[in-house]
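Enquirer: For the sequence shown, full-length UniProt numbering gives the first residue as 1, with consecutive numbering after it.
Backbone N, C-alpha and C define an ideal beta-carbon position, used for all residues, glycine too.
Predicted model only: the values in this text are computed from it and were never measured.
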Amino acid sequence: MPCLVDTQSKISHGDELITSVPDKKDSLCQQDDQSQGGDTSTSSGPDLPEDIWCLVHSLMPLCDSAHSACVSRTFLRSWRCHPKLIFTEETLGLKQTEARDFTSRVNQILKNHSDTGVKILKFVIDDHNNVNTCHLNSWLQKAVTPGIEKITLFLPWRSREEYNFPCSILLDGRGNSIWYLDLTNCAFRPMVGFDCLRSLTKLRLYGVCITGDELGRLISNCFALEELQVWCCMELICLTIPFWLQRLSCLTVSECDMLRVIESTAPNLTTLDFFGEPVQLVLRESSKVKDLKVGYSYKPNAVSYAITKLPSIAPHLQTLAIYSSSEVFSEASNYYIPVFMTCKKECD
Numbered sequence: 001m002p003c004l005v006d007t008q009s010k011i012s013h014g015d016e017l018i019t020s021v022p023d024k025k026d027s028l029c030q031q032d033d034q035s036q037g038g039d040t041s042t043s044s045g046p047d048l049p050e051d052i053w054c055l056v057h058s059l060m061p062l063c064d065s066a067h068s069a070c071v072s073r074t075f076l077r078s079w080r081c082h083p084k085l086i087f088t089e090e091t092l093g094l095k096q097t098e099a100r101d102f103t104s105r106v107n108q109i110l111k112n113h114s115d116t117g118v119k120i121l122k123f124v125i126d127d128h129n130n131v132n133t134c135h136l137n138s139w140l141q142k143a144v145t146p147g148i149e150k151i152t153l154f155l156p157w158r159s160r161e162e163y164n165f166p167c168s169i170l171l172d173g174r175g176n177s178i179w180y181l182d183l184t185n186c187a188f189r190p191m192v193g194f195d196c197l198r199s200l201t202k203l204r205l206y207g208v209c210i211t212g213d214e215l216g217r218l219i220s221n222c223f224a225l226e227e228l229q230v231w232c233c234m235e236l237i238c239l240t241i242p243f244w245l246q247r248l249s250c251l252t253v254s255e256c257d258m259l260r261v262i263e264s265t266a267p268n269l270t271t272l273d274f275f276g277e278p279v280q281l282v283l284r285e286s287s288k289v290k291d292l293k294v295g296y297s298y299k300p301n302a303v304s305y306a307i308t309k310l311p312s313i314a315p316h317l318q319t320l321a322i323y324s325s326s327e328v329f330s331e332a333s334n335y336y337i338p339v340f341m342t343c344k345k346e347c348d
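What follows is the structure, given as structure tokens:
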């Protein structure tokens, strides 16, 4: 296990060792020269390469990492290019009574960070954090830079129709390095010709307002895409997966209530999970599906339907898992008993 630096004790580096550490109740490095101000004592420390200190810095919790930049010039330099920016109430050290300080904490941290070096960006924002659209857009604009690899944005439920993810931040090469994108409770409206996520391998959309055409624009040039998850996207009516997504192997579609058709021609799709009301399933070149899991909430005879219809749609099926909450009626208790069953085809 890596040894994390305790910012409440001495922090040393190749040039100096500084013993005075700002209290965590204070603001986070409000001025660049704060690391050199105040009553400090220095002494020589171990002469380690700066990249070693940068590694140590990157392993520290976000709040400790920001505070250490206030007392160490080496850490301040590495903080400006800190690769992981994970903003949650926990990482910001916010108690429930301090939830409204979310915006000011993030502003202070990003103020002292440069516009380069971010690899992982994550925002988990609750309703009581009261983050407005302008602030969120400015944070994304600053942090999403060329070289970023992972973006996670979790917003409160009310943001589904109120917040439009700014697709423009992915232009000019800033989205080319992203391989993981996870969006929750926002709208995503890619423009015609959207071509910004060529390295994307995993896409997860939960509660995202996006139409079938818009999702098509989003994934049409994601040639590296391997896994697609779509949850509770209520504007989807038809989900079409193009044949040129040759690396796509896993597709999950769950509780998209307006969805009527899933059509895939992706040639290497092998795992398909579907939960919701029955839809028309057209696999075509995706008939290589081997593992199929379906969950029907209220469809009568769901097990019979799945067993008789689905194997013909996916002739190479090896495992079929079926869940139905209304399949078996119990006269004694006068309610439907949930059923879950798995059928496995023996390999020759």
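Contact defined as beta carbons within less than 8 Å: I believe I241 pairs with S264. What is the distance between those atoms, to the nearest angstrom?
Expert: 4 Å
Enquirer: Which residue marks the beginning of the alpha helix (DSSP H) containing W139, and which one marks its end?
Expert: 133 to 143
Enquirer: Beta carbon of W231: closer than 6 Å to some heavy atom of the ligand PLP?
Expert: Questions concerning the ligand PLP fall outside what the structure shown contains, since it holds no ligand whatsoever.
Enquirer: Would I313 and L281 be called neighbours here (beta carbons separated by less than 7 Å)?
Expert: Judged by beta-carbon spacing, L281 lies within the 7 Å limit of I313, meaning their Cβ atoms are closer than that value.
Enquirer: Can you name the start and end residues of the beta strand (DSSP E) that R204 belongs to?
Expert: Note, R204: beta strand (DSSP E), 202 to 206.
Enquirer: R284: which of G175, L310, I322 sits nearest, CA to CA?
Expert: L310
Enquirer: Taking the beta strand (DSSP E) that I281 falls in, what are its first and last residues?
Expert: Checking the sequence shown, residue 281 turns out to be Leu, not Ile. First-last of the beta strand (DSSP E) with L281: 280 to 282.
Enquirer: Output needed for E331: all residues of its chain with C-beta closer than 6 Å, excluding positions within five of it in sequence on either side, in chain order.
Expert: Caution is warranted here: a pLDDT of 40 is assigned to E331, below 50, making its placement in the model unreliable, and the coordinate value is therefore given only provisionally. Excluding positions up to five away in sequence, the list is empty.
Enquirer: Would you call W139 buried or exposed, if buried means 16 or more other Cβ atoms sit within 10 Å of its Cβ?
Expert: Its Cβ being crowded by 16 or more others within 10 Å, W139 is buried.
Enquirer: Just confirm the distance between the C-beta atoms of N221 and D257, as a whole number of angstroms; I'd bet it's less than 8 Å.
Expert: The Cβ separation is near 28 Å, so there is no contact.
Enquirer: Starting from the Cα of M234, find the closest Cα among I210, S104, K111, K142 and give me that residue.
Expert: The shortest C-alpha separation from M234 is found at I210.
Enquirer: Contact defined as beta carbons within less than 8 Å: I believe P190 pairs with L155. What is the distance between those atoms, to the nearest angstrom?
Expert: With 8 Å as the limit, P190 and L155 do not qualify as a contact, their Cβ atoms being about 18 Å apart.
Enquirer: How far does the beta strand (DSSP E) with Q229 in it extend, from its first residue to its last?
Expert: 227 to 231
Enquirer: Just checking my contact of L269 with K288 at CB under 8 Å: how many whole Å lie between their CB atoms?
Expert: 7 Å
Enquirer: In three-state terms, what does DSSP make of I210?
Expert: coil
Enquirer: Which first and last residues belong to the alpha helix (DSSP H) in which S264 is found?
Expert: From DSSP, S264 is part of no alpha helix (DSSP H) but of the beta strand (DSSP E) over 261 to 264.
Enquirer: Per DSSP, G295 is paired with what?
Expert: In DSSP, G295 forms a bridge with F275, Y323.
Enquirer: Across which residues does DSSP place L239 in a beta bridge pair?
Expert: I262
Enquirer: Among A224, L239, T103, L228, which residue has its Cα nearest to the Cα of G216?
Expert: L239
Enquirer: Using only the alpha-carbon positions, how far apart do Y206 and P49 sit?
Expert: 43 Å
Enquirer: Could you check whether V118 and L94 sit closer than 7 Å to each other, using their CB atoms as the reference points?
Expert: no
Enquirer: On the DSSP letters alone, give me the boundaries of the beta strand (DSSP E) that Y180 sits inside.
Expert: 180 to 184 is the span of the beta strand (DSSP E), which, as asked, contains Y180.
Enquirer: How far does the alpha helix (DSSP H) with V303 in it reach, from first residue to last?
Expert: 302 to 313
Enquirer: What do you get for S304, buried or exposed, if any count of 16 or more other CB atoms within 10 angstroms of its CB means buried?
Expert: By the beta-carbon neighbour count (other beta carbons within 10 angstroms, threshold 16), S304 is exposed.
Enquirer: Kindly indicate which three-state DSSP category S254 falls into: helix, strand or coil?
Expert: Strand.
Enquirer: Which residue from R204, R247, T103 puts its Cα closest to that of W231?
Expert: R204
Enquirer: Run through DSSP, which three-state label would I120 get?
Expert: Strand at I120.
Enquirer: Please tell me whether S254 and Y296 are closer than 7 Å, where the distance is taken between their beta carbons.
Expert: no
Enquirer: Mind checking I125: buried by the 16 CB within 10 Å criterion, or exposed?
Expert: With 16 or more Cβ atoms within 10 Å of its Cβ, I125 is classed as buried.
Enquirer: Would N130 be called buried (16 or more neighbouring beta carbons within 10 Å of its own) or exposed?
Expert: exposed
Enquirer: For R100, is the classification buried or exposed, using 16 other Cβ atoms within 10 angstroms of its Cβ as the cut-off for buried?
Expert: exposed
Enquirer: Which residues in the same chain as T145 place their Cβ atom closer than 7 Å to its Cβ, once the five residues preceding and following it in sequence are excluded?
Expert: D115, T116, V118, R174
Enquirer: Look at the alpha carbon of I109 and the alpha carbon of A224, and state the distance between them as a whole number of angstroms.
Expert: 33 Å
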